[in-house]
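Here the working numbering is used: the first residue of the sequence shown is 4, the next is one more, and so on. Where a beta carbon is used, it is the ideal one built from N, C-alpha and C, also for glycine. These numbers were taken from a predicted model, which means no experiment stands behind them. So the structure is just underneath, and the comments pick up after that.
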Amino acid sequence: MTLQGKVAVVTGGNSGIGKAVVLALAAQGANIVIDYIADEQATESLEQQVRALGDRVIGVKADVSNVADLETLVSGAVNAFGRLDIMVNNAGIETRTSVLETTEEQYAKVLDINLKSAFFGTQLAARQMIAQGGGGRIINMTSVHEDWPMPGNTAYCVSKGGMRMLTRTAGVELAAHGILVVGVGPGAVDTPINKATVADPAQLQKLDGAIPMGRLAQPEEIASIVAFLAGPGASYLTATTVFADGGLMQSSPGL
Ligand code: BGC
């Protein structure tokens, strides 16, 4: 087990990619803080799964678009487990609205949940890692759309483009402290964010058809990359993004 005794916070940790990340880190021996905003029951059942793997876990209800809540999350990890080694800024939403139709409220919500949370999550985690010493890992869940336009999902693309530069800049700033900052850029993944597409056979066929591998990723196929990036095998990776999109970005316009 590569993460024995490490302490990890996963934002948006009780569903989708976040849930798979929680289980992948726990499978490597990490103790986990699951951040969530809704569905207490899902969090509790995930906590049981983590305990069954032999690890310690707490759930913290925190709205990561709010810096005070992020402080509660990071201090929750330190109070429960004494330290923080791995911060996974995973929480994210999309509105599927174009530049012409996106409202101020939609823009603010997407940018706050996706980008502001990652910015201040990085800041607070890094401060804790510096205070305790010994470095750490910060992993930002971005998207192929940190680089690749998705017409009709503009605020989301703006937020992911921001996460791209957050990852690069914070990675450079924090390298001297032994803190590595890496992005993970999935393509289409079978999670709640793609529920409508997956539920519509015509849309799903179109999406699958655009992916050279011919299918969406399962969340576990993204989570395994996060577990690798948090571990000893990724000791020289920082200020960059690892894409996992089944070849999507190289093949066609955004769908
Ligand atoms: C978006 C999905 C989209 C996928 C591939 C993801 O980042 O959340 O809505 O299907 O990228 O374009």
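7 Å Cβ shell around residue i - same chain, five flanking residues per side excluded
i	result
V113	I96, E97, T98, A158, Y159, S162
F84	V10, N34, R59
F231	A237
K64	Y39, I40
S68	D115, I116, K119, S120
G234	T5, L6, Q31
Coil, strand or helix - residue i by DSSP
i	result
I35	strand
N143	strand
G8	coil
G155	coil
P189	strand
V161	helix
V60	strand
V102	coil
A23	helix
T125	helix
V53	helix
A30	helix
Same chain only: Cβ atoms within 6 Å of residue i, ignoring 5 sequence neighbours per side
i	result
V70	F123
A23	P222, E223, A226
Identity of the residue in the options nearest residue i by Cα
i	options	result
S238	E107, V13, R140	R140
L76	P189, L118, V12, A33	V12
N156	T125, N93, L103, G79	L103
A80	R171, T105, G62	G62
G249	T243, L240, G212	G212
T100	P204, N197, Q109, E50	Q109
A247	T194, M132, Q131, T145	T145
M168	G186, A179, P154	G186
Bridge-paired residues (DSSP) for residue i
i	result
N92	N143
I182	G139
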